[in-house]
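Take a look at the structure set out below.
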Amino acid sequence: MGNKDIVSKEIIKEIGRDISMHILGIDIQGEVTLVDKEWTRIETRDSDIVFKNNDRIFHIEIQNDNHKNMELRMLRYYSDILFEYKDCSVEQYVIYIGKKRCNMKDEIKRDKILFNYDIINLKDIACEELLYHENPSAVALSILCDFEGRDKQMVVNTILKRIRELTKSDDREYKNYLKKVTVLSTNRDLEENVKKGAKMLAVDIKNIPFYQDGLRDGLQDGFKKGAKEATLKNAMIMIKDFQIAIDDVVKKLNIKKEELLEYIKQKNLT
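Residue numbers (the working numbering): 43 to 312.
In C-alpha cells:
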C-alpha cells in the first residue's frame, strides 16, 4: 500500500469498533483486543487490523487500490491467523476506499480449496447511513460514501457541521477529525470542497468585515433602510460565497426568510 493507505489505515485503526458496528454490522460484545502482530511467515508486513472479541477474530484490510492477487493475500493471512488462534473463528473483510472501480476477487475455488471473504466498497454505502450517527468517527467516514447525486459542497458542509456539533466546543478534537476528513477526501477528489466547507464553518458571522462595515455604515447614516439593505446584501454574499444554508443565515442575521428570498429574486432580475 502507498502512503495514503497507511494514513487511512491509522485513521481507521482508531475507530475499529465503530467500523465493525457501523459498516460491517458486527455485534461487538465485551472487550476488544487489538492484535498488534507482524505476520512474518511468508511476507514481512503488517496486516491492517486484527482484533479479538471473545472467541472471534476479525481481520480487516484497508485497500486504496485494486490488488491483483488480493484473494491469495487474504488466504495467507487466514492461515497465519489460524496458526496463532486455531480455536477461534476467523472473519475477514476488505474495505475498499479507492477511486477506481473495485475489481478484486473475493474467493478462491480451485483444486480442493473453497475460500472466501467479504469486500466492502464504501462507494456502495449511502452517505446518510453514517452521516447521522452520533459518533464523529462514523461521520468522518461518510466522506467516502455515496452522495447519491446530491450537491457535493452541501454534503461536505453537512459532514463538517455534524462533526462540529458532535465535538461541541472541543476545538482540538474537531481539528483532529477535520484532518481525517481532509485525508480521506483525497480519495474522492473533494479536497477543495473540504477546504471551502471548513472555511465556511470557521466563520463567525458577526465578525466578518463586510458584515461589520455594512452594519456600521447603515447606522452612521442613520437610515434603517440602509442598514437593512446592507444586511440583505451580506446575506447574499454569505449564501453565495460561503455556501451557508439560507436557514442558518436568516437565523444568525435575524431577518425574515421571505424578505431575503424576495431580495435575492429582485437582484437576480437586475
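We treat Cβ as the ideally placed atom computed from N, Cα and C, and that holds for glycine.
N- and C-terminal bounds of the beta strand (DSSP E) containing residue i
i: PHE125; result: PHE125 -> not in any beta strand (DSSP E); alpha helix (DSSP H) instead, spanning 112 to 126.
i: GLU149; result: 149 to 152
i: LYS94; result: 91 to 95
Cβ neighbour criterion (16 or more within 10 Å) applied to residue i
i: GLY191; result: exposed
i: TYR135; result: buried
i: ASP90; result: buried
i: ASP213; result: exposed
i: ALA180; result: buried
i: ASN96; result: exposed
i: ALA277; result: buried
i: ALA168; result: exposed
i: PHE189; result: buried
i: ASN235; result: buried
i: SER131; result: exposed
i: ASP122; result: buried
i: ILE185; result: buried
i: ARG152; result: exposed
i: LEU156; result: exposed
i: ASN111; result: exposed
i: GLU113; result: buried
i: ASN106; result: buried
Residues sharing a beta bridge with residue i, DSSP
i: TYR135; result: ILE102 and ASP160
i: ILE68; result: According to DSSP, ILE68 bridges with nothing at all.
i: ALA168; result: ASP188
i: ILE155; result: ARG152
Cα-Cα separation between residue i and residue j, rounded to whole angstroms
i: ILE201; j: GLU170; result: 10 Å
i: SER62; j: MET146; result: 21 Å
i: LEU243; j: ASN199; result: 8 Å
i: LEU173; j: ILE139; result: 17 Å
i: HIS68; j: LYS94; result: In the sequence under discussion, the amino acid at residue 68 is Ile, which differs from the His named in the question. C-alpha separation (whole angstroms): 12 Å.
i: LYS222; j: HIS175; result: 17 Å
i: ILE286; j: GLU103; result: 37 Å
i: LEU303; j: LYS241; result: 24 Å
i: LYS203; j: CYS187; result: 17 Å
i: ASP290; j: CYS144; result: 39 Å
i: HIS64; j: PHE100; result: 15 Å
i: LYS194; j: LEU232; result: 8 Å
i: ARG98; j: ARG115; result: 20 Å
i: LYS210; j: ASN218; result: 13 Å
i: PHE125; j: GLU133; result: 15 Å
i: LYS298; j: GLN308; result: 16 Å
i: THR273; j: LEU295; result: 7 Å
i: GLU301; j: MET196; result: 23 Å
i: TYR305; j: GLY239; result: 25 Å
i: VAL225; j: LEU164; result: 15 Å
i: LYS154; j: TYR120; result: 16 Å
i: ARG230; j: LYS275; result: 34 Å
i: ILE205; j: ILE137; result: 22 Å
i: LYS293; j: LYS141; result: 38 Å
i: LEU66; j: ILE281; result: 38 Å
i: GLU20; j: HIS109; result: A question about residue 20 goes unanswered here, because the residues of the chain that appear run from 43 up to 312.
i: THR228; j: ASP129; result: 41 Å
Continuous alpha helix (DSSP H) stretch holding residue i: start and end
i: VAL197; result: 194 to 209
i: MET242; result: 233 to 244
i: GLU176; result: Unbroken run through GLU176: none, as it is neither H nor E.
i: ILE286; result: First-last for ILE286: undefined, no H or E at that position.
i: ARG214; result: 213 to 227
Any non-hydrogen atom of the ligand ATP closer than 6 Å to residue i Cβ
i: ALA168; result: Of ligands this structure carries none, so the ligand ATP is not represented either.
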